[in-house]
Structure formats: C-alpha cells, structure tokens
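J.:
Number of protein chains: 4
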Amino acid sequence: MAEQSNLKPMLTAAEVNALMESVYPQLNNQFTFYEAIDVFPGGCTVRLNAGERHLRPGGTVSGSSLFTLADIGGYVCVLSHAGPDALSVTTNLNINFVRKAEAGPIDGHCRILKLGKSLMVFDIDIVAGPDGHTVAHATGTYSIPPRKSFQSQA
Amino acid sequence: MAEQSNLKPMLTAAEVNALMESVYPQLNNQFTFYEAIDVFPGGCTVRLNAGERHLRPGGTVSGSSLFTLADIGGYVCVLSHAGPDALSVTTNLNINFVRKAEAGPIDGHCRILKLGKSLMVFDIDIVAGPDGHTVAHATGTYSIPPRKSFQSQA
Amino acid sequence: MAEQSNLKPMLTAAEVNALMESVYPQLNNQFTFYEAIDVFPGGCTVRLNAGERHLRPGGTVSGSSLFTLADIGGYVCVLSHAGPDALSVTTNLNINFVRKAEAGPIDGHCRILKLGKSLMVFDIDIVAGPDGHTVAHATGTYSIPPRKSFQSQA
Amino acid sequence: MAEQSNLKPMLTAAEVNALMESVYPQLNNQFTFYEAIDVFPGGCTVRLNAGERHLRPGGTVSGSSLFTLADIGGYVCVLSHAGPDALSVTTNLNINFVRKAEAGPIDGHCRILKLGKSLMVFDIDIVAGPDGHTVAHATGTYSIPPRKSFQSQA
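Heads up: the protein sequence lines correspond to chains A, B, C and D, in order. Residue numbers for the first sequence, in UniProt numbering: 1 to 154. Residue numbers for the second sequence, in UniProt numbering: 1 to 154. Residue numbers for the third sequence, in UniProt numbering: 1 to 154. Residue numbers for the fourth sequence, in UniProt numbering: 1 to 154.
(1) Do you know offhand how far A/D107's Cα is from C/H133's?
(2) Under DSSP, the beta strand (DSSP E) around A/D123 begins and ends at which residues?
(3) Shortest alpha-carbon distance to B/I144 belongs to which of B/A101, B/G74, B/F97 and B/D123?
(4) Is D/F67 helix, strand or coil when you go by DSSP?
(5) In angstroms, rounded to a whole number, what distance separates the CA positions of A/D122 and C/K100?
(6) Hey, how far is the Cα of B/S80 from the Cα of A/P9?
(7) Less than 7 Å between C-beta atoms, sequence neighbours within five positions excluded: which residues of the same chain meet that for C/V78?
(8) When you compare only the Cα positions, how much space is there between B/P130 and D/D71?
(9) So which residues on chain A does C/T141 lean against when the C-beta distance must stay under 9 Å?
(10) Residues in the UniProt domain "Thioesterase" (58-131) of chain B with C-beta within 7 Å of chain C's C-beta atoms, listed in sequence order?
(11) Compute the distance between the beta-carbons of C/L11 and C/V46, then report whether it is under 8 Å.
(12) Cβ of B/V135 within 8 Å of Cβ of B/I124?
(13) Cβ of C/G104 within 8 Å of Cβ of C/A50?
(14) Roughly how many angstroms separate the alpha carbons of B/C44 and C/N94, rounded to a whole number?
(15) In whole angstroms, what is the alpha-carbon distance linking B/P84 and C/V61?
(16) Please go through the same chain and pick out, in chain order, the residues whose beta-carbon is closer than 8 Å to the beta-carbon of A/S152, but skip the five residues on each side of it.
(17) With respect to the alpha helix (DSSP H) encompassing residue 172 of chain B, which residues constitute its N-terminal and C-terminal limits?
(18) Using 8 Å for Cβ pairs, my map puts D/I37 next to D/A13. What's the rounded Cβ distance?
(19) From C/T139 to D/F67, what distance separates their C-alpha atoms?
(20) According to DSSP, simplified to helix, strand and coil, what is B/L7?
(21) What is the DSSP secondary structure of B/F150, counted as helix, strand or coil?
(22) When DSSP labels each residue in this structure, what does D/L113 get in the three-state scheme?
(23) Which residue spans inside the region 30-55 of chain B form an unbroken beta strand (DSSP E) run of at least 3?
(24) Can you list, in chain order, the residues of its chain with a C-beta nearer than 7 Å to that of D/L113? Leave out the 5 residues immediately preceding and following it.
(25) Rounded to a whole number of angstroms, what is the C-alpha to C-alpha distance between residue 162 of chain C and C/A128?
(26) According to DSSP, is C/D144 helix, strand or coil?
(27) Find out if the Cβ-Cβ distance for the pair D/L48, D/L69 is shorter than 8 Å.
(28) Does DSSP classify A/G73 as helix, strand or coil?
(29) Since I believe B/N92 is in contact with D/N92 (beta carbons under 8 Å), could you give me their beta-carbon distance rounded to a whole number of angstroms?
(30) Buried or exposed: where does A/A154 fall if 16 or more other Cβ atoms within 10 Å of its Cβ makes it buried?
(31) Does any residue of chain D bring its CB to less than 8 Å from the CB of C/V23?
(32) Using a C-beta cutoff of 8 Å, does C/R56 count as contacting chain D?
(33) Which of helix, strand or coil does DSSP assign to D/A82?
(34) Look up C/P105 in the DSSP assignment and say whether it is helix, strand or coil.
(35) Leaving aside the five residues before and after B/E35 along the sequence, list all residues of the same chain whose C-beta is less than 6 Å from its C-beta, in chain order.
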C-alpha cells in the first residue's frame with residue numbers, strides 16, 4: 001500500500017487522549033472503552049475495549065460501536081496530523097462489516113489517504129480476536145475548518 | 001422516487017418497538033431515545049430524541065448517534081418487512097453528514113430500495129429542526145439469514 | 001423527503017448539455033448516450049440510452065455505465081446550481097446495484113442534499129423498465145473549486 | 001493490515017485476462033487498457049493504461065475510468081478466488097478520489113477482506129505516478145451466485 005511518508009504527527013497518543021477527554025465530555029463516561037494507543041506518521045491505532053454494553057442481538061459487537069471506533073480513528077488522525085482543532089467534523093463514512101466480533105479488545109489500524117487543507121480522507125482496518133481477522137473496514141472524510149491565524153486574534 | 005408498492009409490512013411500529021426492547025437489551029437503557037414511530041409499505045420512520053448525551057464537540061449531535069438512527073431505521077424495515085428475525089445484520093452502511101443537528105427530535109425517513117431473499121437495501125433521509133432540513137443521509141444493506149423451514153423444526 | 005426549495009438553477013438542461021459537449025470532448029462520442037433531460041430547483045434528471053456497448057456478462061447494463069450516469073447526474077447538478085465551472089470534481093461516490101437493467105432508456109432522478117461553498121452532496125435514484133423500478137441508487141460529493149473573483153482578473 | 005492467508009487463487013492473471021476477454025466482449029475493444037497483472041493469495045493487481053480517452057475536463061483521468069478499474073479489481077479477485085463464474089455481480093462500490101491522475105499506467109492493489117459463500121468484500125488502493133501516490137481508494141461487494149452442482153447438469 002502507498003505510504004504517506006511526508007506526513008508528521010504533531011501530537012502523541014497520550015496527548016490526543018487527553019485532548020479528547022477535555023473537549024469531548026460526552027465520551028468521558030465511555031473513556032476506558034475507546035482510546036488511541038499509537039500515533040505514527042500518516043496514521044494511528046485506536047482501540048475499543050468491547051464489553052457487554054457494546055453487544056447487539058447475537059452476542060456480537062454492535063455496528064454502532066464499530067462505527068464509533070472508525071470515526072474516532074479518523075478523529076485521532078486529524079487531531080494529531082492537522083492540529084488539535086476539535087471542531088473538525090466527519091462528512092462521510094462508509095463501513096463494511098465482514099465478520100462477527102466478540103467482546104474483548106478490538107483494534108483499528110487507521111491510515112491517512114489524503115491530508116489536504118480542508119479535507120482529510122482515511123481508511124481503517126478493524127481487527128479482532130486471537131488471529132487478528134478483519135471484522136470491519138471503513139473509509140471516511142473529515143472536513144477541516146479554516147484555521148484562525150494567531151495574528152487575527154491579537 | 002420509485003415506489004416499492006408491492007411490499008407489505010408484517011409488524012406495526014408498536015410491535016417493532018416491543019420486539020427491539022425484548023431482543024436488544026443493550027438498547028433498553030437508551031430506549032426512550034430511539035424508537036420507531038411509523039411503519040408503512042416499503043419503509044418506516046424512526047426517531048432519535050437527541051439530548052445532551054448525544055452531542056459532540058461544537059454542541060451538535062454526534063455522528064455515531066446519527067449512524068445508530070440510520071442503522072435502526074434499516075433494522076425496523078427488515079424486522080417489519082422480512083419478519084421478526086432479530087439476527088439480521090448490517091453488512092454495509094454509508095452515511096453523509098450534511099448539516100449540524102441540535103438536541104431535539106430527529107426523524108429518519110427510511111425507504112426499502114430492494115428486499116431480496118438474502119439482502120435488503122435501504123436509504124434514509126435524516127431531518128431535523130423546525131424547517132425539516134436534511135442533516136444526514138445514509139444507504140445501507142442488511143443481510144437476512146436463511147429462514148429455518150417449518151419442517152426442520154418439526 | 002426534505003426539499004431544498006431555496007435552490008435555483010442557473011442553467012437549463014439544454015444549456016448544460018451544450019456545456020458538457022464543449023468542455024468534455026471525451027464524452028462527445030458517447031453523447032447520444034448520456035444527456036440531461038431536466039433541470040429543476042434542487043435537482044435534475046439525466047438519462048442513459050443504454051445499448052449493446054453498455055452491457056456486461058449476463059446481458060445487463062454494466063456497473064460502470066450506471067456509475068457514469070450517477071456521476072453525470074451530480075455533474076449536471078453542480079454545473080446548473082453552482083455555476084458552469086467545469087473543474088468541479090467528484091470526491092466520493094457510493095453506489096448500490098439492486099436490480100438488473102436491460103438495454104433501453106435508464107433515468108437518474110438526482111437531488112441536491114447540500115449545496116455549500118466548497119462541497120455539494122447529492123443522491124440519485126436510477127430507475128428503468130416499464131414499471132420504473134429502482135435499479136441502482138448512489139450518493140456522492142462534488143468538490144467545488146473557489147471561484148475566481150471578477151475583480152482579481154481585471 | 002490483516003492478511004487472508006487462508007485464501008488460494010484458482011486462476012493466474014493470464015487465465016483471468018483470457019476469461020474476461022471471452023465472457024465480456026464489450027470490454028474487448030478496451031482490452032489493452034484494463035488488465036490483470038498479478039493474482040496472489042487473497043488479492044490481485046490490476047492496471048489501467050490510461051490514455052486520452054480516459055481523461056475528463058482538467059486533463060485528469062475520469063472518475064468512471066477509475067471506478068471501472070476498481071470494479072475490475074474486484075471482478076478479478078472473485079473470478080480467481082471463488083471460481084470462474086462470470087455472473088458474479090457488484091452489489092455495492094464506494095470510491096474516494098483523493099488526487100488527480102494523469103495519463104499513463106495506473107495500478108490497483110486489490111485485497112479480499114472477506115470471501116464468504118454468497119458475498120466477497122474487497123478494497124483497492126489505486127496508485128499512479130513516479131512516486132506511487134494513492135489517487136483513489138475503493139471498497140466494494142460482489143454477490144456470488146449459488147454454484148450449479150455437477151449432478152444437476154447431468
């Protein structure tokens with residue numbers, strides 16, 4: 001796969017987790033569930049520690065829990081690579097569910113496909129289980145709001 | 001838009017709500033939030049009563065809350081039109097977020113594009129606010145498990 | 001479905017067809033195949049006159065012919081509603097194929113879900129046959145390049 | 001990324017090209033343009049030799065040419081891994097266009113995310129240029145028709 005070797009993260013996983021906890025209070029009570037575990041040039045790894053509350057009929061992790069993991073993967077990419085502007089928003093997300101996932105750690109390997117001035121496109125491989133099978137795959141787009149220049153705030 | 005006038009629901013909105021409450025306990029504690037408000041031939045209307053817990057940074061309803069509404073719209077369609085088999089699963093969902101939505105009632109107008117033996121394809125217009133603007137639009141696919149034949153249960 | 005009643009087209013179907021023929025020479029030799037047949041506030045109707053060349057194994061219209069119709073539907077919407085700037089480009093397109101379509105006229109009913117300054121989101125119902133069944137449904141996004149102001153060109 | 005190391009192709013790239021040429025006559029006159037260049041366990045590489053006819057306004061390769069490459073990537077995967085049943089059809093394809101591509105060879109690196117009995121899900125990285133940048137990325141689903149048993153044909 002093509003690499004985006006020119007990209008450089010500005011924040012670590014720990015810094016992104018602290019930032020999300022601060023700007024996103026509604027995520028707080030779920031915060032031991034969703035977290036960034038790595039940030040690297042051109043991507044990140046995020047984790048859902050899936051428990052009972054994330055299950056749906058059939059005993060598998062719900063689509064909306066996996067959607068949230070995919071969305072957080074993109075959010076961590078945009079926060080870490082485009083700067084900590086919490087107001088970036090998802091404009092599109094497409095997700096395919098390919099296998100059932102049971103409760104336990106579920107990892108999202110997220111890759112930036114394009115980082116432009118106003119849009120970031122990413123994909124994410126969501127894997128689970130002892131064999132690391134893909135359980136879902138998503139692609140999405142974040143809209144990046146124009147940055148307020150420091151001068152203009154002076 | 002083309003109509004699927006040959007489709008006929010087998011369950012009412014109240015029956016679907018009761019069924020979801022029974023088979024989907026994890027949704028129970030959110031149950032005053034997501035509900036079916038209408039089921040009609042070829043589609044349904046679902047509602048999210050969005051409160052503080054559904055908001056994200058910027059004070060708007062989170063993508064994952066709207067994803068869940070879209071997914072539930074498809075689930076209500078498949079339960080009501082293909083029969084109350086709770087094990088149907090989403091295989092694909094694509095969602096576009098086009099406007100910010102504030103807390104309050106958010107309605108999803110859901111339409112079956114195809115109901116086959118093993119797949120159901122739907123789309124959903126998610127509207128909010130006094131002017132009923134589209135805030136998101138999604139299309140998705142549910143996989144319908146093979147029905148157990150009556151003989152084999154004898 | 002929610003209407004975008006505030007939108008007003010700037011070009012007619014005939015004007016859009018003439019514009020596409022002029023800026024898009026590669027489409028020329030296919031031009032009796034793809035055409036705009038109506039432009040109205042918030043949307044348009046486009047048509048593919050599908051012949052032998054548009055078929056795939058099984059004798060049905062190929063996915064790429066229907067993709068092209070969906071893409072042209074969005075293009076006609078952006079040209080007619082955002083202005084005749086031929087350099088708008090598709091950034092995302094998601095298409096579901098739900099029924100086989102045979103050779104003959106295939107109509108795409110296209111609706112603008114959002115017209116912003118830099119993005120237009122649309123969906124399109126593609127219908128065919130004597131009963132007007134949906135054969136495919138797509139949603140997509142066009143990126144609209146910043147308009148050059150008239151002053152800056154003086 | 002997770003590997004599907006248990007998958008094993010039944011056909012080589014040359015065999016798939018010969019098969020496509022035979023079952024898909026409409027592709028024939030474009031056949032030096034689209035071709036399989038490799039088939040390996042769990043995926044394939046396909047190439048578009050993009051020329052003048054594949055360009056759109058702005059001098060870049062058209063979205064529909066890239067869509068066709070993505071679709072052929074999935075088709076080669078399904079033909080080579082699920083067996084040479086030409087009647088498999090695309091049910092969903094989602095494509096993001098992230099950079100302009102100029103005329104020249106454009107490669108699609110295609111990976112099977114899931115190969116089930118009735119569905120195959122794949123993604124494809126489409127790269128071009130001397131630096132091998134991603135120009136588009138797609139995910140899609142092929143429906144695999146039930147195989148006719150040999151007995152029933154006797």
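Each residue gets a CB set at the ideal place from its N, CA and C atoms; glycine is no exception.
T.: Taking the coordinates as given:
(1) Counted from its first residue, the first sequence places residue 107 of chain A at position 107. Counted from its first residue, the third sequence places residue 133 of chain C at position 133. Looking at the two C-alpha atoms, the distance is approximately 41 Å.
(2) Counting from one through the first sequence, the residue named residue 123 of chain A turns up at place 123. L119 to A128 is the span of the beta strand (DSSP E), which, as asked, contains A/D123.
(3) Residue 144 of chain B sits at position 144 when you count from the first residue of the second sequence. With distances taken between Cα atoms, B/I144 lies closest to B/G74.
(4) Mapped onto the fourth sequence, residue 67 of chain D falls at position 67. Reduced to three states, the DSSP call for D/F67 is helix.
(5) As a first step, residue 122 of chain A must be located in the first sequence, where it is residue number 122. As a first step, residue 100 of chain C must be located in the third sequence, where it is residue number 100. Per the sequence shown, residue 122 of chain A should be read as Phe rather than Asp. Going by the C-alpha atoms only, they are around 32 Å apart.
(6) Along the second sequence, read from residue 1 onward, the residue named residue 80 of chain B stands at position 80. Along the first sequence, read from residue 1 onward, the residue named residue 9 of chain A stands at position 9. Rounded to the nearest angstrom, the two C-alpha atoms are 48 Å apart.
(7) In the third sequence, counting from the first residue as 1, residue 78 of chain C sits at position 78. Same-chain partners within the cutoff: S88, M120, Y142 and I144.
(8) By 1-based counting over the second sequence, the position of residue 130 of chain B is 130. By 1-based counting over the fourth sequence, the position of residue 71 of chain D is 71. Looking at the two C-alpha atoms, the distance is approximately 42 Å.
(9) Start at 1 with the first residue of the third sequence, and residue 141 of chain C comes out as number 141. T91, N92 and T141, listed in chain order.
(10) N94, N96, V98, R99, H109, L113, K114, V121, D123, D125 and V127
(11) For this step, residue 11 of chain C is matched to residue 11 along the third sequence. For this step, residue 46 of chain C is matched to residue 46 along the third sequence. It is not a contact, given that the beta carbons lie outside the stated cut-off.
(12) Against the second sequence, residue 135 of chain B aligns to sequence position 135. Against the second sequence, residue 124 of chain B aligns to sequence position 124. Not closer than 8 Å, so no.
(13) Counting from one through the third sequence, the residue named residue 104 of chain C turns up at place 104. Counting from one through the third sequence, the residue named residue 50 of chain C turns up at place 50. Taking 8 Å as the Cβ cut-off, C/G104 and C/A50 qualify as a contacting pair.
(14) Looking up residue 44 of chain B in the second sequence gives position 44. Looking up residue 94 of chain C in the third sequence gives position 94. Looking at the two C-alpha atoms, the distance is approximately 23 Å.
(15) As a first step, residue 84 of chain B must be located in the second sequence, where it is residue number 84. As a first step, residue 61 of chain C must be located in the third sequence, where it is residue number 61. For B/P84 and C/V61, the distance between alpha carbons rounds to 35 Å.
(16) Sequence index remark: in the first sequence, residue 152 of chain A carries index 152 (1-based). Only weak support is given to the placement of A/S152: the predicted model assigns it a pLDDT of 34, under 50, and the value that follows is read from those uncertain coordinates. Within the same chain, A/S152 has no close Cβ partners at all.
(17) Not covered by the structure: residue 172 of chain B. The range shown for chain B is 1 to 154.
(18) Mapped onto the fourth sequence, residue 37 of chain D falls at position 37. Mapped onto the fourth sequence, residue 13 of chain D falls at position 13. Right, their Cβ atoms sit about 6 Å apart.
(19) Here the question's residue 139 of chain C lines up with position 139 in the third sequence. Here the question's residue 67 of chain D lines up with position 67 in the fourth sequence. Cα-Cα distance, rounded: 14 Å.
(20) Within the second sequence, residue 7 of chain B is the residue found at index 7, counting from 1. DSSP places B/L7 in coil when its eight states are reduced to three.
(21) Numbered from 1 along the second sequence, position 150 holds the residue referred to as residue 150 of chain B. Its pLDDT being 38, under 50, B/F150 is placed unreliably in this model, and the value from its coordinates should be taken loosely. DSSP places B/F150 in helix when its eight states are reduced to three.
(22) As a position in the fourth sequence, residue 113 of chain D is number 113, starting the count at 1. Correct three-state label for D/L113: strand.
(23) 34-40 and 43-50
(24) On the fourth sequence, position 113 is the one that residue 113 of chain D refers to. Only V121, F122 and D123 meet the Cβ criterion.
(25) Given that chain C is displayed from residue 1 to residue 154, the structure contains no residue 162 of chain C and the question cannot be resolved.
(26) Along the third sequence, one-based indexing puts residue 144 of chain C at 144. Reading off the sequence shown, one finds Ile at residue 144 of chain C, where the question assumed Asp. It is coil, neither helix nor strand.
(27) Sequence index remark: in the fourth sequence, residue 48 of chain D carries index 48 (1-based). Sequence index remark: in the fourth sequence, residue 69 of chain D carries index 69 (1-based). Going by C-beta atoms, D/L48 is nearer than 8 Å to D/L69.
(28) On the first sequence, position 73 is the one that residue 73 of chain A refers to. Residue state, collapsed to three classes: helix.
(29) Stepping through the fourth sequence from its first residue, residue 92 of chain D is reached at position 92. Stepping through the second sequence from its first residue, residue 92 of chain B is reached at position 92. Contact holds; Cβ gap of about 5 Å.
(30) Here residue 154 of chain A refers to the residue found at position 154 when the first sequence is read from its first residue. Residue placement at A/A154 is flagged as unreliable, the pLDDT there being 28, under the threshold of 50; the coordinate-derived value follows with that caveat. Burial call: exposed.
(31) Your numbering for residue 23 of chain C matches position 23 in the third sequence. C/V23 counts as touching chain D.
(32) Position 56 of the third sequence, counted from the start, is the residue given in the question as residue 56 of chain C. Cβ-Cβ to chain D under 8 Å: yes for C/R56.
(33) For the purposes of this step, residue 82 of chain D is taken as residue 82 along the fourth sequence, with counting starting at 1. Three-state DSSP puts D/A82 in a helix.
(34) Translated into the one-based positions of the third sequence, residue 105 of chain C becomes position 105. Strand.
(35) Taking the first residue of the second sequence as position 1, residue 35 of chain B is located at position 35. For B/E35, where only same-chain residues beyond five positions count, the Cβ hits under 6 Å are N17 and R47.
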